[in-house]
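Q: I have a structure here, written as structure tokens, and I will follow up with some questions on it.
In full-length UniProt numbering, the protein residues as written are 1 to 545.
As structure tokens, then:
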């Protein structure tokens with residue numbers, strides 16, 4: 001390994017940040033107009049034939065103009081969506097899966113192949129930019145995007161394959177580098193330095209130093225430079241192979257090759273020690289980084305915290321939290337860390353990070369500051385965090401005056417996500433705090449069941465209402481319960497045992513509704529009023545039924 005590193009040509013290389021990609025506007029093809037004029041003075045045509053030709057030419061021109069306008073509108077929409085996507089990445093460091101899928105579906109709906117930049121942006125968005133999505137789901141999304149764009153006729157070059165490789169690394173996806181190279185060869189795409197560099201990282205991610213050495217040999221034969229990123233990967237590879245001493249010795253090798261270890265190198269070594277839970281080595285490495293003028297930013301320390309949490313060494317996290325300096329941009333980075341931790345099932349660590357937010361600790365408490373914890377509670381609901389933990393988080397947030405209505409907000413998230421069981425349990429917790437439970441709280445749960453024609457689902461929700469001692473009102477029954485049944489008799493037979501009270505209310509209210517309608521209709525005729533159209537009363541009468 002050392003011989004390969006010494007014999008290869010070396011180059012100082014600093015990985016760049018996220019590439020700013022702007023959408024490319026498309027202009028429609030030139031309009032093809034039919035020439036309907038005379039070719040010569042003596043040429044004669046039938047008037048009707050000339051009229052048909054002119055009509056056909058006009059229709060064709062209008063069709064082409066409409067098509068061009070549609071393409072221009074779609075191009076503008078893509079530009080807007082891509083600009084918003086880029087703005088979200090710059091502002092928060094993340095994007096939502098919903099918005100990414102929206103752009104993807106819009107591109108697919110056109111049926112035309114996307115340009116190179118659009119394909120690159122979609123692929124690059126399937127990695128760390130989706131902290132709210134599990135790793136496996138991210139990779140599946142990347143494969144889906146890859147295959148669909150290929151069907152649409154997208155032309156992939158080496159940059160697209162490199163983007164897919166980076167997504168694999170960020171999502172910790174295990175794959176065969178040899179098979180990946182074979183795939184590129186079959187597509188007649190030549191790998192470049194970045195390709196080999198990321199293949200080495202893939203081998204090292206699994207602790208396969210032998211495989212990494214093979215790729216290094218390829219780079220030597222092609223006279224490709226060995227960059228700092230390659231050395232960083234070797235630090236990780238040796239550590240995961242169980243040889244932490246060799247990992248530490250990579251730094252002297254770098255200096256001997258004329259490359260001074262940078263912050264990324266120290267982060268790789270810090271993560272190696274974090275996986276082992278070696279707190280003393282962590283502190284020594286951080287001191288070495290500071291003395292080498294390779295100062296670590298808050299987001300670098302957050303990587304170490306994430307590694308400690310994943311490796312099960314939560315006891316060392318407070319020492320790392322103390323090293324956070326709350327630099328500019330701390331809150332977006334900390335939010336992404338919390339989301340990633342929750343996605344990995346590490347809610348307790350995420351909650352400890354949440355409590356370090358400077359906005360939450362502000363003495364001038366306001367609604368915006370309190371709502372900063374909303375993202376945390378919402379993601380806990382999305383990731384099916386246990387009710388016990390959610391209850392503890394809400395209780396601590398409210399007792400610490402960090403949230404004005406944590407339970408109520410969490411309930412709204414559960415209702416929005418159509419999580420019936422969790423919603424009913426949260427309502428029970430809310431009721432235990434002597435807070436009212438309204439019938440309309442159950443409408444989001446009933447709506448989907450009615451839409452799907454799920455009678456059992458409606459019955460389940462009604463049972464939950466009875467357990468919480470909430471009586472459905474007229475609107476709940478008429479709008480969200482009865483429509484799921486084919487007839488009133490079917491509703492009576494299905495619900496007479498489980499929801500007897502609900503049915504009796506429903507049937508007793510129906511004559512009352514008829515009485516109210518008849519009474520309302522007769523009111524205008526009991527007074528001498530100016531002539532008014534009966535349609536004026538229809539909107540009001542509609543609500544009486």
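Idealized CB from N, CA, C, for every residue including glycine.
Note that the structure is a prediction, hence the values are computed from the model and not measured.
If you compare alpha carbons, which of 402, 399, 401 and 384 is closest to residue 411?
A: Stepping through the chain shown from its first residue, residue 411 is reached at position 411. Cα-wise, what sits closest to residue 411 is 384.
Q: Quick one: measure Cβ to Cβ for residue 292 and residue 261, integer angstroms, because I've assumed they're closer than 8 Å.
A: Numbered from 1 along the chain shown, position 292 holds the residue referred to as residue 292. Numbered from 1 along the chain shown, position 261 holds the residue referred to as residue 261. Indeed, because the Cβ distance is near 7 Å, the residues count as touching under 8 Å.
Q: Are there 16 or more other CB atoms within 10 angstroms of the CB of residue 470, so buried, or fewer, so exposed?
A: As a first step, residue 470 must be located in the chain shown, where it is residue number 470. Buried, because 16 or more other Cβ atoms sit within 10 Å of the Cβ of residue 470.
Q: In three-state DSSP terms, what is residue 46?
A: If you number the chain shown from 1, residue 46 lands on position 46. Residue placement at residue 46 is flagged as unreliable, the pLDDT there being 45, under the threshold of 50; the coordinate-derived value follows with that caveat. Residue 46 falls in the coil class under three-state DSSP.
Q: Identify every run of the alpha helix (DSSP H) within the stretch 227-305, keeping only runs that are complete inside it and at least 4 residues long; order them along the chain.
A: Entirely contained in the stretch 227-305, the alpha helix (DSSP H) runs reaching 4 residues are, in chain order, 228-240, 244-256, 263-276 and 279-291.
Q: Within the 8 Å Cβ cut-off, does residue 175 reach chain B?
A: Here chain B cannot be found, since the structure has a single protein chain.
Q: Go to residue 464, then tell me how far its alpha helix (DSSP H) extends in each direction, as first and last residue.
A: The sequence position of residue 464 within the chain shown is 464, counting from 1. That run of the alpha helix (DSSP H) goes 455-467.
Q: Going by other Cβ atoms of all chains shown within 10 Å of its Cβ, with 16 needed for buried, is residue 118 buried or exposed?
A: One-based indexing of the chain shown puts residue 118 at position 118. Buried, since its Cβ has 16 or more Cβ neighbours within 10 Å.
Q: Compare the beta carbon distance of residue 120 and residue 159 with 8 Å and say whether it is the shorter of the two.
A: For the purposes of this step, residue 120 is taken as residue 120 along the chain shown, with counting starting at 1. For the purposes of this step, residue 159 is taken as residue 159 along the chain shown, with counting starting at 1. Yes, the pair counts as a contact, with Cβ atoms nearer than the cut-off.
Q: I'd like the span of the alpha helix (DSSP H) that includes residue 334, first residue to last.
A: To locate residue 334, count along the chain shown from 1; it is residue 334. Segment 330-343, the alpha helix (DSSP H) holding residue 334.
Q: Quick check on the burial criterion: 16 or more other C-beta atoms within 10 angstroms. Buried or exposed for residue 549?
A: Absent from the model: residue 549. The displayed extent of the chain is 1 to 545, so no value can be given.
Q: Buried or exposed: which applies to residue 197, given that a residue is buried once 16 or more other Cβ atoms fall within 10 Å of its Cβ?
A: Start at 1 with the first residue of the chain shown, and residue 197 comes out as number 197. Result: buried.
Q: Buried or exposed: which applies to residue 176, given that a residue is buried once 16 or more other Cβ atoms fall within 10 Å of its Cβ?
A: Reading the chain shown from its first residue, position 176 is the one you call residue 176. Counting Cβ neighbours within 10 Å, residue 176 comes out exposed, since fewer than 16 surround it.
Q: Skipping 5 residues on each side, what residues in its chain have a beta carbon closer than 8 Å to that of residue 288?
A: For the purposes of this step, residue 288 is taken as the residue at position 288 of the chain shown. Contacts found: 266.
Q: If we ignore side chains and look at the alpha-carbon of each, how far apart do residue 284 and residue 351 end up?
A: The sequence position of residue 284 within the chain shown is 284, counting from 1. The sequence position of residue 351 within the chain shown is 351, counting from 1. So the alpha carbons of these two residues sit roughly 28 Å apart.
Q: According to the Cβ coordinates, are residue 298 and residue 269 closer than 8 Å?
A: The residue given as residue 298 occupies position 298 in the chain shown. The residue given as residue 269 occupies position 269 in the chain shown. No, the Cβ-Cβ distance between residue 298 and residue 269 is not below 8 Å.
Q: Quick check: what's the CA-CA separation for residue 226 versus residue 218?
A: As a working note, residue 226 is residue 226 in the chain shown. As a working note, residue 218 is residue 218 in the chain shown. Taking the straight line from one Cα to the other gives about 11 Å.
Q: Can you give the beta carbon distance from residue 146 to residue 128, rounded, assuming they're within the 8 Å contact cut?
A: As a first step, residue 146 must be located in the chain shown, where it is residue number 146. As a first step, residue 128 must be located in the chain shown, where it is residue number 128. About 18 Å; that fails the 8 Å criterion.
Q: Quick one: what's got a C-beta closer than 7 Å to residue 141's C-beta in the same chain, skipping five residues either side?
A: Sequence index remark: in the chain shown, residue 141 carries index 141 (1-based). Excluding positions up to five away in sequence, the list reads 126.
Q: For residue 488, which of helix, strand or coil comes out of DSSP?
A: Position 488 of the chain shown, counted from the first residue, corresponds to residue 488. Helix.
Q: Where does residue 450 fall in DSSP's three states?
A: Here residue 450 corresponds to residue number 450 of the chain shown, with the count starting at 1. Of the three classes helix, strand and coil, the one that applies to residue 450 here is helix, per DSSP.
Q: Using only the alpha-carbon positions, how far apart do residue 192 and residue 96 sit?
A: As a first step, residue 192 is located in the chain shown; it is residue number 192 there, counting from the start. As a first step, residue 96 is located in the chain shown; it is residue number 96 there, counting from the start. Taking the straight line joining both Cα atoms gives about 31 Å.
Q: In three-state terms, what does DSSP make of residue 126?
A: Taking the first residue of the chain shown as 1, we reach residue 126 at position 126. Three-state result, residue 126: coil.
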